[in-house]
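Scroll down for the structure; my scribbles are underneath it.
2 protein chains.
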Amino acid sequence: MDTKDILKNKINAGRQRMTTQRLIILDELKKVTSHPSAYEVYRMVQRKIANVSFGTVYRNLRLLEDLGLVQELNYGKKFSRYDGNTDNHYHISCEKCERMDDIPISIWKRLNKNTSNATGYEVKAHRIEFYGLCPKCQGEKRG
Amino acid sequence: MDTKDILKNKINAGRQRMTTQRLIILDELKKVTSHPSAYEVYRMVQRKIANVSFGTVYRNLRLLEDLGLVQELNYGKKFSRYDGNTDNHYHISCEKCERMDDIPISIWKRLNKNTSNATGYEVKAHRIEFYGLCPKCQGEKRG
DNA sequence: GTATTTGCAAATACTTTGCAAAACC
DNA sequence: GGTTTTGCAAAGTATTTGCAAATAC
């Protein structure tokens, strides 16, 4: 199933409509693993639709997140970054170059249960972010 | 060692100065476990210094964080919340009432090492936030 | 044809900053 | 006394929103 069908399926459940902007935003986001900011997504989309507006990008990123097609990564930084991969996974970011990579989540499946036992909360979800130096930056002088 | 001495010790290492505002901000933050926002800290400090300014609160929260006396919790929300407890611990927040509680970190000490092995990063730190319903909200209708 | 979505620009909301006066050491 | 810090207000920055025109179904 290609991106367009995935989007159509989600959209038809509500009363949203399929638009070029919407599709291209999702499409571009699914193409990369760089976890771009809203501005970077905007620049990517601009190459396809010259006069797209920033507001449209923001509105659609939010909509796509509500539809469960995109993940907003917004912890600890001034601005959010977005991820077209909604499989369960964690992220690790380099403190020097801000590169972000994915980590499969499977290793720590029991975190929610452990936390529920420890706190009495009904735990719905959790987010983890790791910080450090990526392999490339480890060899270089600290900036 | 009381809060004033803790602050003095940290401050004397640099060329900062001890001020009433600085001390009261730290003092108020260390008194509570509610993880207040900058605005809430401002209101708390206002009760002690009527004409304290918002800018001073922000500046000092940042300074106190740089000194390692305060933790800024800023992931996933529009505004940061602050924690006067800098012992290693995670947080869990209620999706309904926004209450935040602490979780001791000891259970998952090996996370950094596991992640380093999995990604090749030199892992310096990590942050986890859990989401769910606190015991009080579990029984109530969903809002 | 009618409701949704877009582009544009202005508005929001949290946080930061410039500056003269005040406080600290 | 000289440097840091404060209060105030204005600026900054990421994001959201109002509205008329355009688009989707």
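Protein sequence lines correspond, in order, to chains U and R. Following the working numbering, the numbering of the first sequence begins with 1158 at its first residue and continues without gaps. Following the working numbering, the numbering of the second sequence begins with 1158 at its first residue and continues without gaps. C-beta atoms are modelled at their ideal positions from N, C-alpha and C, and glycine is treated no differently.
- Give the DSSP-derived three-state secondary structure of residue 1311(U) in the structure shown. Outside the shown range of chain U, which is 1158 to 1300, sits residue 1311(U), and nothing can be said about it.
- Closest to residue 1184(U) by CA distance: which of 1172(U), 1165(U), 1171(U), 1169(U) is it? Residue 1184(U) sits at position 27 when you count from the first residue of the first sequence. With distances taken between Cα atoms, residue 1184(U) lies closest to 1165(U).
- Buried or exposed by the 16-neighbour rule on C-beta atoms within 10 Å, applied to residue 1250(R): Residue numbering aside, residue 1250(R) sits at position 93 when the second sequence is read from its first letter. Its Cβ being crowded by 16 or more others within 10 Å, residue 1250(R) is buried.
- Query: Which term fits residue 1287(R), buried or exposed, when burial requires 16 or more other beta carbons within 10 angstroms of its beta carbon?
  - Reply: Looking up residue 1287(R) in the second sequence gives position 130. So residue 1287(R) counts as buried.
- Check residue 1249(U) in the structure and name its three-state DSSP category. The sequence position of residue 1249(U) within the first sequence is 92, counting from 1. Of the three classes helix, strand and coil, the one that applies to residue 1249(U) here is strand, per DSSP.
- Return the Cβ separation of residue 1213(R) and residue 1227(R) in integer angstroms, given the expectation that the two are a contact with Cβ distance under 8 Å. As a working note, residue 1213(R) is residue 56 in the second sequence. As a working note, residue 1227(R) is residue 70 in the second sequence. Their Cβ separation, rounded to whole angstroms, is 15 Å, which puts residue 1213(R) and residue 1227(R) out of contact at 8 Å.
- Item | CB contact below 9 Å: residue 1193(R) versus chain U | Taking the second sequence and counting its residues from 1, one reaches residue 1193(R) at position 36. Chain U, which has no Cβ nearer than 9 Å to the Cβ of residue 1193(R), makes this no.
- Message: Between residue 1236(R) and chain U, is the shortest Cβ-Cβ distance under 9 Å, so that the two count as touching?
- Response: Within the second sequence, numbered from 1, the residue matching residue 1236(R) stands at position 79. At a cut-off of 9 Å, the C-beta of residue 1236(R) has no neighbouring C-beta in chain U.
- Message: Judging by CA-CA distance, which residue of 1220(R), 1218(R), 1177(R) is the nearest neighbour of residue 1205(R)?
- Response: As a working note, residue 1205(R) is residue 48 in the second sequence. The residue with the shortest Cα to Cα distance from residue 1205(R) is 1177(R).
- Determine which residues of the region 1162–1175 of chain R have a Cβ less than 7 Å from any Cβ of chain U, and write them out in chain order. Here the close residues number zero.
- How many Å lie between residue 1202(R) and residue 1171(R) at the Cα? The sequence position of residue 1202(R) within the second sequence is 45, counting from 1. The sequence position of residue 1171(R) within the second sequence is 14, counting from 1. Here the alpha carbons of residue 1171(R) and residue 1202(R) stand approximately 25 Å from one another.
- Query: How many angstroms separate the CA atom of residue 1240(R) from the CA atom of residue 1189(R)?
  - Reply: Position 83 of the second sequence, counted from the first residue, corresponds to residue 1240(R). Position 32 of the second sequence, counted from the first residue, corresponds to residue 1189(R). Within the model, the alpha-carbon separation for residue 1240(R) versus residue 1189(R) is close to 8 Å.
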